[in-house]
Amino acid sequence: MPKQDKPAEEVISPDLTENTDDTTLESDNSNTDLTSENNDNQVQTDKKKRRIQLSKKQWIIVGVVTVIILAIAGWLVFGREKTPEPTPKPQANTAKPVAKEIPDVTYLESAQTYTPFTFLANLNILGEENCDPPSYTTGCEPSVTTDELTYHQVGSTKSGGKIIVVTYGLGMDSGDFTIVDNGDRTYTVLALQSTGAGIYAIKTDDYEATTLKRFKDALAAGVDVDTTTKLPGLDFPKEVEIAGQKMSLSEGATGYFILGGLNSVRGSFWGELKHGLPDKLADKDGKSYYKALISDNATYKVYAYYGTVNGVYAIPYQPAGEIASKTDKVAYNWTTGEKNTSAYYSAGSGCGSAGGYVSAKDVTDSMVVAAGKTAGGQTLYQLPNTHPLVVELFEKDYMTGESTNDDSLKNLTVQQLTDKHGYFLAKNGLGEYVVFLRDDLFIRGGCAKPVIYLYPTKKTMLDVAVGADVVISEPNYPKGGWKNVTAEPNGNLRYQNKAYGSLFWEGYGYGTYPEITSGTVVPTAQADATMRDQLAAQGLRGREITEFMDFWQPHIPSTPYVRISWLTTTQLNQLAPLTLSQQPQTTIRTFLDFEGLNSPIDITPQKFTAPKRNGFTLVEWGGLLRGGIKH
């Protein structure tokens with residue numbers, strides 16, 4: 076963002092030298108009028124026989140005095156009018172700058188590895204040093220080393236520049252930079268298309284003056300950062316119809332470079348697809364659209380849609396249409412006359428929005444029975460109670476889990492579950508039968524009590540918004556987020572004239588809940604101590620750990636063993652991103668996912684990092700409540 080000249084904060088005294096010509100001109104005109112007035116007065120005096128005779132010298136003195144008086148009067152009247160009013164001090168610009176595009180960029184069919192180059196003189200900008208608890212002042216090591224950076228070319232410019240994506244990882248945390256190699260040993264970081272070091276979030280003057288400056292100071296010689304330019308052709312339509320299927324971008328959806336070809340269309344965050352390359356649905360307006368198989372189970376499959384630019388850039392799409400893929404309520408007209416106002420969802424997992432949709436496996440038109448219609452006329456179907464999909468829904472999902480918070484909906488028979496339309500199938504534009512579950516009978520896990528602590532370096536007023544459908548909060552979460560929260564360095568908060576120690580919310584994140592691939596399995600008796608140790612290893616302290624355990628200790632399962640896994644800051648930034656009017660310098664977010672086990676399982680151990688708290692620090696903890704959120 077270009078720097079603005081500092082506006083005037085005080086009335087500046089007029090430059091008398093610059094005003095001399097105007098003042099003299101006004102004085103001359105005024106003197107002419109007053110001379111006429113003096114002549115009229117002289118006539119009146121003659122009439123009264125009181126004519127006063129003045130010497131030539133006296134007339135000169137009178138004239139000089141008159142000119143001086145009139146000059147002062149002229150300045151008072153006209154000079155002041157020409158004095159510029161003080162310029163109001165501009166308010167912080169909360170809108171992102173309008174981006175310009177690099178012309179004539181050609182994208183590769185797939186990303187290619189690229190020879191590494193030095194663009195950072197200080198790698199600590201990628202993450203605060205990791206230090207040993209409890210003091211976090213000893214055993215400090217860099218979060219990222221040079222050999223953890225990967226370089227890929229994804230395109231080129233007409234002038235011969237190379238478009239390079241540099242990625243780095245912190246365990247399951249990661250970031251990236253989009254950089255133009257200009258070919259003359261100079262490089263330009265495109266901030267608007269980079270996530271590393273937080274530079275993508277250029278929103279306010281305060282951010283320009285703090286985090287961006289820190290990033291610029293960390294750059295190597297010959298490297299600059301561009302905060303207003305982006306790559307062309309990477310914007311996707313919010314809604315599109317492909318091969319008869321309507322799709323839409325979910326709120327907050329962002330695209331990303333894919334560095335392993337179409338097999339990594341889900342992004343490096345997820346890794347490669349496990350069931351082969353995605354199926355291309357169609358090409359449209361310079362973009363390609365795919366359906367990827369995410370999970371293949373005995374009675375159903377989970378699919379997801381993606382839009383791509385060649386094989387180097389992708390963005391996830393959601394199924395769209397009258398029946399949405401998350402908890403939107405639709406008017407249903409059931410053939411039995413049964414009525415409910417419940418919401419339905421497909422492929423809901425964890426506390427995130429649906430990452431795709433569930434397609435019933437091996438279901439033909441002859442198997443389904445019409446059960447009702449939507450207000451728009453779309454037919455809704457059910458299956459015989461003996462169908463394997465219905466048996467699995469009833470026995471594995473409804474009966475064995477904490478299925479509902481409503482006592483009247485507990486202990487239903489399979490026929491009662493069907494009669495209450497605990498599920499239905501709807502045919503999508505691709506001819507698949509999509510499974511929808513009633514969310515008060517098959518409750519999705521909710522993001523339970525994420526708690527936000529704010530530690531600015533000085534007393535600060537700021538806004539905080541969560542990328543989620545917030546169901547419960549304290550203080551009350553209004554549309555658009557908490558506005559004008561006053562935070563103090565000790566963590567004390569004040570909002571709407573009330574004091575708080577933190578901000579908490581419960582709900583469903585806009586992003587997709589990640590697959591759990593790592594963690595720790597311990598005997599249940601050791602779960603409490605293990606959680607405390609692992610919280611400290613991630614950088615939480617004192618009351619943050621105490622308050623976490625106060626809430627979660629009663630939820631520890633009573634099974635012989637417990638799997639303990641933690642979502643990282645990067646995962647949470649995708650699941651439920653936080654937006655603050657002032658950007659923290661240090662952010663620590665963690666989220667518990669755990670389950671009871673009757674016997675141990677093999678799972679990849681997690682590695683933890685505890686960043687040093689520098690500058691304005693935000694800390695957040697939460698967890699997955701598998702029994703759902705009580706509204």
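So the sequence shown is numbered by the numbering used here: it starts at 76 and just counts up by one.
Here a beta-carbon is modelled for each residue, glycine too, at the ideal position from N, C-alpha and C.
Quick caveat: nothing in here was measured; it's all calculated off a predicted structure.
Check	Outcome
Residues bridged to K448 (per DSSP)	N408 and T454
Segment limits, alpha helix (DSSP H) that includes E622	G617 to W627
Within 8 Å, strictly: CB atoms of Y570 and W557	yes
Option in A501, T493 and L484 with minimal Cα separation from D440	A501
Residue of V694, K471 and D207 minimising C-alpha distance to E622	V694
6 Å CB neighbourhood of F311 in its chain, flanking five on each side removed	G382 and I390
Inter-residue Cα distance where the pair is S633 and Y375	31 Å
Own chain partners of N559 with C-beta closer than 6 Å, once the 5 adjacent residues on each side are dropped	M536
Proximity to Q457 [Cα-Cα], best of G497, L516, P191 and S640	G497
Rounded separation between S434 and E590 - CA only	19 Å
Three-state secondary structure assigned by DSSP to D256	strand
Same chain, Cβ closer than 8 Å to D481, neighbours up to 5 away in sequence not counted	D515
Beta-ladder partner(s) of V465, from DSSP	Paired residues: none, contrary to the question.
Alpha-carbon spacing of S640 relative to L667, whole angstroms	6 Å
Backbone CA spacing between A30 and T304 [nearest angstrom]	Past the edges of the chain, shown from 76 to 706, lies residue 30, and the structure says nothing about it.
Secondary structure of A685, DSSP reduced to three states	coil
M442, DSSP secondary structure in three states	coil
8 Å Cβ cutoff met for A562 and G614	no
Three-state class that DSSP yields for V340 in the structure shown	coil
Separation of G342 from L348, as counted between CA atoms	10 Å
Cβ-based neighbour list, V466, same chain, cut-off 7 Å, excluding 5 preceding and 5 following	none
Cβ shell of W409 (< 7 Å), same chain only, five flanking positions each side left out	A446, G447 and H496
Straight-line gap, T493 to F469 (C-alpha atoms, nearest Å)	9 Å
Whether P675 touches S593 by CB criterion (8 Å)	no
Chain-order list of residues whose beta-carbon lies under 7 Å from that of L484 (same chain, five-residue window excluded)	D515 and L516
Proximity below 8 Å, CB of V264 to CB of V240	no
Beta bridge counterpart(s) of Y189 as assigned by DSSP	In DSSP, Y189 forms no bridge with anything.
Where the alpha helix (DSSP H) through A395 begins and ends	That residue, A395, is in no alpha helix (DSSP H); it is neither H nor E in DSSP.
Helix, strand or coil at I200 according to DSSP, with G and I counted as helix	helix
Residue(s) in a DSSP beta bridge with E549	F579
Distance, R607 Cα to R638 Cα	14 Å
D514 - containing beta strand (DSSP E), residue span	Here D514 belongs to no beta strand (DSSP E), and DSSP marks it neither H nor E.
Local Cβ density within 10 Å of V387, reported as buried at 16 or more and exposed below that	buried
Distance between C206 and G451 (C-alpha atoms, nearest Å)	59 Å
Distance between V180 and A83 (C-alpha atoms, nearest Å)	Summary for A83: the model assigns pLDDT 32, below 50, so the residue's position carries little reliability; its value from the coordinates is reported in the next sentence. Roughly 43 Å between the two C-alpha positions.
Beta bridge counterpart(s) of I317 as assigned by DSSP	Q320
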